[in-house]
Every structure is written in C-alpha cells, then in structure tokens.
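Novice: Numbering-wise (our numbering), the sequence shown opens with residue 42 and increments by one.
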Amino acid sequence: MIKKPTLITWEPADEITKGFIEVVKFDMSFGDKGLTITLVDKMKTKVDITYDKSTNYLGDYVVSFRYTSEIPMSMLASQAEAARDKSRLNNFETCFYKAVDSDYLDRFKPDFPGDLAGGLEHHIFPVDTGIVEVISDYVPSITLTKTAF
42 MIKKPTLITW
52 EPADEITKGF
62 IEVVKFDMSF
72 GDKGLTITLV
82 DKMKTKVDIT
92 YDKSTNYLGD
102 YVVSFRYTSE
112 IPMSMLASQA
122 EAARDKSRLN
132 NFETCFYKAV
142 DSDYLDRFKP
152 DFPGDLAGGL
162 EHHIFPVDTG
172 IVEVISDYVP
182 SITLTKTAF
C-alpha cells in the first residue's frame with residue numbers, strides 16, 4: 042500500500058501566488074538543456090520551471106520525474122488541502138508542494154551515499170489534468186511571462 046506523504050506548500054517564486062491563477066495548459070520537455078515544465082494559466086501567464094543544473098552524485102539534471110493523471114493521484118487532495126490550511130494562501134492562489142516522507146522519494150535514497158540522500162526533495166506541481174513530480178537536490182529556476190496562446 043502506498044503511504045500518503047505529508048505535503049507542505051512551496052513558493053519558489055513570490056510571483057507564482059500573486060500573478061498565476063489556475064493552470065489550463067502544460068507541457069514538459071527533457072533534453073540537452075535539462076527538464077522544463079511549462080504551465081499556462083487562464084490569464085495567459087506562462088511559467089517555465091527549469092531544472093538545468095547537474096545533480097550531485099548522478100550528474101544528470103534531475104534524479105527522476107513523472108506525470109500522473111488526477112484520478113490515481115486524488116489521494117493527495119486531502120494532503121494538499123491540509124498544507125494550504127497551514128499556509129496563508131487562499132484557495133485562489135496557486136502554489137506548488139514539497140512532499141515529506143513519500144514513497145517516491147524513499148525509492149531513491151538508498152542509491153545515494155551518506156548526506157547526499159538527505160538533500161533530495163520531492164517537488165509536486167499540480168497541472169490541469171494531474172500532477173508532475175520531480176525528485177531533485179536543488180530548487181529549479183522559475184520564469185514568468187505573458188503569452189498569447
């Protein structure tokens with residue numbers, strides 16, 4: 042049985058909660074320049090979340106990433122609500138999450154020596170039809186721009 046992780050709200054950039062409302066489109070790409078997750082909201086604001094640094098020990102951009110549709114991940118809804126209740130965010134502000142004590146994160150820790158395992162984080166990005174999860178040892182760069190799609 043999968044254990045339910047504890048979620049904490051995460052705002053890697055202040056602009057996310059202040060100027061970004063409800064994801065309506067997303068895209069992911071992984072290549073020579075790293076992993077980029079692109080989110081677009083109802084107001085046509087685009088957010089690029091980019092993991093483009095080398096991870097410790099592996100030398101790759103991220104340890105792991107995955108997309109899961111919302112139905113299999115509906116178990117996280119109550120954890121996300123609890124995390125929002127603990128933060129000062131209202132229901133209309135967008136935020137991301139870090140998962141503490143997650144099966145997905147625990148899967149990779151035995152493969153990392155000593156203190157490097159303790160530096161791994163499980164990042165969760167809600168998107169229009171599900172969630173994108175990333176295991177990394179650093180915070181990605183965030184870029185907000187207006188777009189016309």
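C-beta atoms are modelled at their ideal positions from N, C-alpha and C, and glycine is treated no differently.
Whole angstroms are fine: how far does the CA of alanine 123 sit from the CA of lysine 139?
Specialist: Using only the alpha carbons, I get a separation of about 13 Å.
Novice: Give me whichever residues DSSP pairs with alanine 140 in a beta bridge.
Specialist: DSSP output for alanine 140 lists Leu48 and His163 as bridge partner(s).
Novice: Please report the straight-line C-alpha distance between methionine 69 and serine 182, rounded to a whole angstrom.
Specialist: Using only the alpha carbons, I get a separation of about 15 Å.
Novice: Excluding the five sequence neighbours on either side, which residues of its own chain have a C-beta within less than 7 Å of the C-beta of aspartate 89, listed in chain order?
Specialist: The answer, listed in chain order, is Thr77, Thr79 and Thr184.
Novice: For serine 143 versus proline 46, is the C-beta spacing smaller than 9 Å?
Specialist: Contact flag set, yes.
Novice: Could you tell me the distance, in whole angstroms, from the CA atom of valine 173 to the CA atom of lysine 94?
Specialist: Straight-line Cα distance between these residues: approximately 19 Å.
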